[in-house]
Amino acid sequence: MEQLIIPPQDLQAFDDFTAAEPVAVDLVYAEASHRDNIFGIALYRKEAKLWGHKDMVALVLAAARICNREYGWILEVKDCLRPVEAQAAMQETEIVRAHPEWMVEPRLLSPPGKGGHPRGMAVDLVPLTENGEDIDMGTRFDHFTEDRNNNPAARNYTAFSDDPAYNRMICENRDKLTAAMTGAAQEAGRVLLPLPQEWWDFRFMPEETARFAPLADADLPEEMKIVNPVYAAAPQQERSSADG
C-alpha cells in the first residue's frame, strides 16, 4: 500500500502554544549535556522547535487542560516529531551500541522510519506543577532499563520502594496522566496507545501511523528543520524501506 505524505502544513509547533495553554517545551535532544539526554549528543538544532502532527498536538493540548483543571499540572513535551536522521543517529551512539537488548522486541528504540515519532504521531511528555517542579513519576523521562525484566518505567511496574503508600502515589500519578491523554483521545474520536514500556510515551495505533510515510529532516522547509546538520544525512535505504 502506498503511504500518504504528511505535508508541512499538517505539523504544528508546541512552542507556539506555551503562552496560552498549560504546556511547556523541553527540547531534550538539542543539548548534549541535558540531564535527560541519555544519548550524550545534540541530535537537534539548538534553535529548533518541537513539532508534532496537528492531530497529536490537539490531543496533548486537550489533555493538558484536563490535567491543569483537575490536578494543577502543566504538561511538558520532551519530543514528538523525530525525523529518520535523528533515529539513525540515536542507534549509533555509544550507549545504544552498549545495549543491543534495547533493539530487541519489545524495543525501547524504533529503527529509522518505524513507529510514530518520525510521523509526529508519538509524543513524550511529563507532568509538572504550575511552578515548573517535577511530579514524581517513579523514574525520569527516558529511563532505559539495564534489566528488561525489571523496568521501573513500564506502566505495570509497582515495586518502586518498600513503602506501599509511595508506590500507590506513583501509580496514581501515572494513571492520571494516562487517563487525561486517553480521555482526550476518546473525546476526539481517536484511539491512543500508551506505550507499555514507557510511561511518558503516547502514540496513535500502529495501523494508523503505518498509513503515512516517515518524515526526514530533508522533507521539511528550512524554518522547520530539526536535526543537527552533523547528523542530517540519513541512509536512504533505511528511509525507503520504512513501513511502520
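Here the working numbering is used: the first residue of the sequence shown is 179, the next is one more, and so on.
Cβ coordinates follow ideal geometry from the N, Cα and C atoms, glycine included.
Predicted, not measured: the structure shown is a model, and the values here were computed from it.
Straight-line gap, residue i to residue j (C-alpha atoms, nearest Å)
| i | j | result |
| --- | --- | --- |
| V201 | T323 | 28 Å |
| L303 | T356 | 11 Å |
| R368 | H212 | 33 Å |
| A420 | A366 | Legend: pLDDT at A420 = 43, less than 50; position of this residue unreliable, value from coordinates given subsequently. The straight-line gap from Cα to Cα measures roughly 28 Å. |
| Q187 | K232 | 9 Å |
| E180 | A266 | 23 Å |
| T317 | P330 | 7 Å |
| G361 | R333 | 17 Å |
| M234 | L370 | 10 Å |
| N327 | E272 | 22 Å |
| E308 | P372 | 24 Å |
| P342 | I184 | 46 Å |
| E283 | E248 | 36 Å |
| A363 | Q269 | 31 Å |
| Q414 | M402 | Any reading at Q414 must be qualified, since the residue scores a pLDDT of 44, below 50, and its modelled position is unreliable; no value is offered. |
| A198 | R223 | 25 Å |
| E400 | Y409 | 16 Å |
| P278 | L221 | 20 Å |
| N406 | R346 | 41 Å |
Beta-bridge partners of residue i, as assigned by DSSP
| i | result |
| --- | --- |
| P305 | L253 |
| W229 | A191 |
| Y222 | V405 |
| A300 | R381 |
| D312 | L306 |
| F390 | L182 |
Whether residue i touches residue j by CB criterion (8 Å)
| i | j | result |
| --- | --- | --- |
| G230 | L182 | no |
| L306 | E254 | yes |
| G294 | F382 | yes |
| I404 | L259 | yes |
| K256 | D204 | yes |
| A191 | A208 | no |
| W378 | F319 | yes |
| R297 | P392 | yes |
| E263 | A394 | yes |
| M359 | L237 | yes |
Residue i - DSSP class collapsed to helix/strand/coil
| i | result |
| --- | --- |
| L182 | strand |
| V369 | coil |
| V282 | coil |
| A202 | strand |
| A411 | coil |
| D395 | helix |
| I244 | helix |
| I273 | helix |
| E400 | helix |
| E376 | coil |
| H321 | coil |
| H295 | helix |
| E263 | helix |
| S419 | Per-residue confidence for S419 stands at a pLDDT of 39, beneath the threshold of 50, marking its modelled position as unreliable; the derived number appears in the next sentence. Coil, per DSSP. |
| L239 | helix |
| A210 | coil |
Residue i at chain B interface by Cβ criterion, 8 Å
| i | result |
| --- | --- |
| L370 | Annotation note: the requested chain B is absent from the structure, which comprises a single protein chain. |
Near the ligand ADP: residue i beta-carbon under 7 Å from a heavy atom
| i | result |
| --- | --- |
| P305 | The ligand ADP is absent from the structure shown, which contains no ligand whatsoever. |
Check: Taking only runs of the beta strand (DSSP E) that begin and end inside the stretch 326-370, which ones reach a length of at least 3 residues, in chain order?
Finding: none
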